[in-house]
Amino acid sequence: MSNLAFCRTMPIFSVILKFVSFAVFFAFGSSWKSESDPSTGNYSMGVDPRAAPQIVIWEGSDRLWRSGYFDGMKFTGVPNMIALYSSGFKITNPDPQGKLYFTYSPSNSSYTSFEFRITWDGFEKSLFRVNGGYDWKVLQTDPSNDCEVYNKCGANGYCS
């Protein structure tokens with residue numbers, strides 16, 4: 001999609017919760033090269049434009065992780081999502097320009113900011129701030145275990 005935004009020095013998805021719900025435009029972005037070097041790194045994260053809405057992390061051109069499809073309440077590859085977010089997420093159908101919007105109505109009114117980031121080492125982190133504070137708290141990190149990484153156990157491998 002040609003209308004996807006890119007900014008590698010900012011979080012991929014960032015919102016300030018000023019209303020009951022908010023929309024987040026899915027953007028492609030890349031990781032930093034290292035924890036202290038903001039030049040372009042090896043990882044990128046966004047919505048795979050070739051498939052139903054799902055968040056994907058790529059290492060170069062290779063898929064590293066995917067969230068699974070959105071089933072209306074959660075991403076199927078993130079089983080603890082309902083417990084963490086209280087089912088407040090929705091994804092809109094594409095608008096005429098092909099944009100998808102990810103909306104969230106937080107059940108916890110103390111969350112004042114929320115971000116999704118791609119880290120320099122290839123992890124998606126969901127972070128939040130509480131009651132206008134300045135410190136970010138990690139809500140979840142994906143992939144959460146080695147079995148969620150594509151081809152970790154080889155083709156047709158069994159991961160345990």
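The sequence shown begins at 1 in the UniProt record's numbering and counts up one residue at a time. Where a beta carbon is used, it is the ideal one built from N, C-alpha and C, also for glycine.
Just reading off the beta strand (DSSP E) that MET45 is part of, what are its end residues? Counting along the chain, the beta strand (DSSP E) containing MET45 begins and ends at 40–47.
Excluding the 5 residues preceding and the 5 following ASN80 in the sequence, name in chain order all residues of the same chain whose CB lies nearer than 8 Å to its CB. Closer than 8 Å at Cβ, skipping near neighbours: GLN140.
Looking at ARG66 and ASP37, is the spacing between their C-beta atoms short of 9 Å? No, these two residues do not count as a Cβ contact at 9 Å.
Can you grab the Cα-Cα spacing for the pair PHE70 / ARG50, in whole Å? Each residue's Cα considered, the two are about 15 Å apart.
Is it right to say GLY29 is buried, meaning 16 or more other beta carbons lie within 10 angstroms of its own, or is it exposed? Looking at its Cβ environment, which holds 16 or more other Cβ atoms inside 10 Å, GLY29 is buried.
Hey, GLY41 and TRP120 are a contact pair by Cβ (cut 8 Å); roughly how many whole angstroms apart? Going by Cβ atoms, the distance from GLY41 to TRP120 rounds to 5 Å, so yes, they are a contact pair.
From the DSSP output, in three-state form, read off ASP146 for me. Helix.
Output needed for PHE123: all residues of its chain with C-beta closer than 6 Å, excluding positions within five of it in sequence on either side, in chain order. Apart from sequence neighbours up to five positions away, the residues of its chain that approach PHE123 with a beta-carbon distance below 6 Å are THR141, ordered along the chain.
Expected contact under 8 Å - CB spacing of PHE75 and GLN97 to nearest Å: Not confirmed; about 24 Å, so no contact.
MET73, buried or exposed, once every other Cβ within 10 Å from all chains shown has been counted against 16: It counts as exposed.
In the structure shown, what three-state DSSP assignment does TRP32 receive? Three-state result, TRP32: strand.
With distance defined between alpha-carbon atoms, name the residue in ASN156, LYS137 and SER160 nearest to CYS147. Here the closest residue by C-alpha is SER160.
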